[in-house]
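Some notes on the structure that comes next.
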Amino acid sequence: MKTMRLFQSGPAEENRLQPVDLPVPQPGPGQMRLKVLVCGVCHTDLHTVEGEIHPPRLPVTPGHQVVGIVDTLGPGVSGQIKPGDRVGVPWLHGADGECEFCRSGLENLCPNAQFTGFHVDGGYAEYMLARADYVLPLPGGISDEQAAPLLCAGIVGYRSLRLSDLQPGERLGLVGFGASAHLAIQVARYWGCEVYVFTRAPEHRQHALELGAAWAGGAEDSPPKPLDRAIIFAPSGKLVPPMLEKIRPGGTLAINAIHTSPIPEMPYSLIYGERTLRSVANATYQDGVEFLRLASEIPVTATVTLYGLADANRALLDMKYSRIVGEAVLKIGMV
Ligand SMILES: [Zn+2]
Ligand SMILES: [Zn+2]
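Following this line, the structure appears as structure tokens:
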């Protein structure tokens, strides 16, 4: 099967993913094999390729926003999902189900959690394996290309909205306007929130206004009114102090990033007034179930740019330089 595989991390400019032909994998106990139709390209893939986060083993096949058709079930797999069904594979490949985090519905924090395209091979390939108890059934009426960005950008954006404590009707700031923010804004608007978007690229500001932002500007600009909540999607710690300045007492700033540059030293007054500063780490299975239901109810529309599997390096590079409006999606197989 055709695969784009990472053997050694390094700058995306050096086309680090190599095209290789691998045997189609066989599902083990508790696993299912999927024929991959499309796979979204996430910032986490770029961090993995560039070595800002380190997969436990190399080589590895990235990709964790996978829409595929169930092809073969491994031993002992039973349940609702059957061969021929269309499913989604998210970032969380699986957790141990036994630790205090798993037992309290926080398996995203499980010390033994494994992630797709990081601990195990992901969807930059024609076939992949997934844990049968972690794949997400996909609602009908949504195309493969539209579904892919929902599976990480969408789900993690939804968790960020929840963890930002956002209440209906509040004023929300979104910092960075790529794959995740362009989906989160649609949920926030659905909840009746006024959304202020902070991003550099003019085409991203335009995209935000088209999706119903009340205002779009730069992180150095002041919004017309103080914000109740904000979410930082850009992997840049230096955005934390200027965003805290824009948040009212008692408000929340959530950081949705698996990696960011250091947060500079800042005066206590920025967080005094009972402001909350928190990170968002991964997402739970339940986040996926809830968000996919909500996304089809709203309905959320993803803006996508399609690439072939062989163009995965170019997709990563376009994302690195913010040349993509919405999300890059690799078109890999057909039913
Ligand atoms: Zn656990
Ligand atoms: Zn992701």
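Letter by letter, the sequence shown follows residues 0 to 334 of numbering that gives the first Met the number 0.
Positions of the beta carbon are idealized from the N, C-alpha and C atoms, including for glycine.
Predicted model only: the values in this text are computed from it and were never measured.
Check                                                                                                                                                                     : Outcome
Using a threshold of 7 Å, is the CB atom of C98 nearer than that to any non-hydrogen atom of ligand 2?                                                                    : no
Give every residue whose Cβ lies closer than 6 Å to any heavy atom of ligand 2, listed in chain order.                                                                    : C41, T43, H63, W90, C151
Is L293 near V186, with beta carbons less than 8 Å apart?                                                                                                                 : yes
Return the chain-ordered ranges of every alpha helix (DSSP H) run that is complete within the region 19 to 105 and spans a minimum of 4 residues.                         : 42 to 49, 99 to 102
Which of helix, strand or coil does DSSP assign to F197?                                                                                                                  : strand
Just to confirm, does D286 get its C-beta within under 7 Å of one of the non-hydrogen atoms of ligand 1?                                                                  : no
Since H63 and P89 should fall inside the 8 Å C-beta cutoff, what is the C-beta to C-beta distance between them, to a whole number of angstroms?                           : 6 Å
Would you check if there are 3 or more beta carbon pairs closer than 8 Å linking the region 44 to 61 to the region 238 to 254?                                            : no
What are the boundary residues of the alpha helix (DSSP H) that P240 is part of?                                                                                          : 239 to 243
Are the Cβ atoms of V65 and L16 separated by less than 8 Å?                                                                                                               : no
If V288 and L135 are in contact, beta carbons under 8 Å, what's the gap, nearest whole angstrom?                                                                          : 7 Å
Report the residue ranges of all beta strand (DSSP E) runs contained in full by the region 179 to 225; include only those spanning at least 3 residues, in chain order.   : 193 to 197, 214 to 216
What I want to know is whether the C-beta of D95 ends up closer than 7 Å to one or more non-hydrogen atoms of ligand 1.                                                   : yes
Using a Cβ-Cβ cut-off of 7 Å (strictly less than) and excluding sequence neighbours within five positions of I270, which residues of its own chain qualify?               : L243, L276
With C-beta atoms as the reference, is N107 less than 8 Å away from N281?                                                                                                 : yes
Where do the ends of the alpha helix (DSSP H) carrying E146 lie?                                                                                                          : One point to set straight first is that residue 146 is Ala, not Glu, in the sequence displayed. Looking at the DSSP string, the run of the alpha helix (DSSP H) that includes A146 is 143 to 146.
If we call anything under 8 Å between Cβ atoms a contact, is L182 one with L128?                                                                                          : no
Shorter than 7 Å, the distance from the beta carbon of E106 to the closest heavy atom of ligand 1, or not?                                                                : yes
Decide if F6 is buried, meaning its Cβ has at least 16 other Cβ atoms within 10 Å, or exposed.                                                                            : exposed
V334: which of D84, D227, R4 sits nearest, CA to CA?                                                                                                                      : D84
Less than 8 Å between the C-beta atoms of S260 and P225, yes or no?                                                                                                       : no
Under a Cβ-count criterion, where at least 16 other Cβ atoms within 10 Å of its own Cβ denotes burial, should R341 be classed as buried or exposed?                       : The requested residue 341 does not occur in the structure, where the chain is confined to residues 0 to 334.
Drop a sphere of 10 angstroms on the beta-carbon of L238, count the other beta-carbons inside from all chains shown, and report buried for 16 or more, exposed for fewer. : buried
With A282 as the anchor, note down where its beta strand (DSSP E) starts and where it stops.                                                                              : Premise fails: A282 is in no beta strand (DSSP E) and is neither H nor E.
Between which two residues does the beta strand (DSSP E) containing E303 stretch?                                                                                         : Checking the sequence shown, residue 303 turns out to be Val, not Glu. Residues 303 to 307.
By the DSSP assignment, the beta strand (DSSP E) with V174 in it spans what residues?                                                                                     : 170 to 174
Using a Cβ-Cβ cut-off of 7 Å (strictly less than) and excluding sequence neighbours within five positions of I331, which residues of its own chain qualify?               : V35, L36, V37, C38, E125, L308
Quick one: what's got a C-beta closer than 7 Å to G104's C-beta in the same chain, skipping five residues either side?                                                    : T283, Q285
Using a 10 Å radius around the Cβ and a threshold of 16 neighbouring Cβ atoms, would you call Q30 buried or exposed?                                                      : buried
Taking 7 Å as the cut-off, is the CB of N281 close to at least one heavy atom of ligand 1?                                                                                : no
For D317, name the three-state secondary structure that DSSP assigns.                                                                                                     : helix
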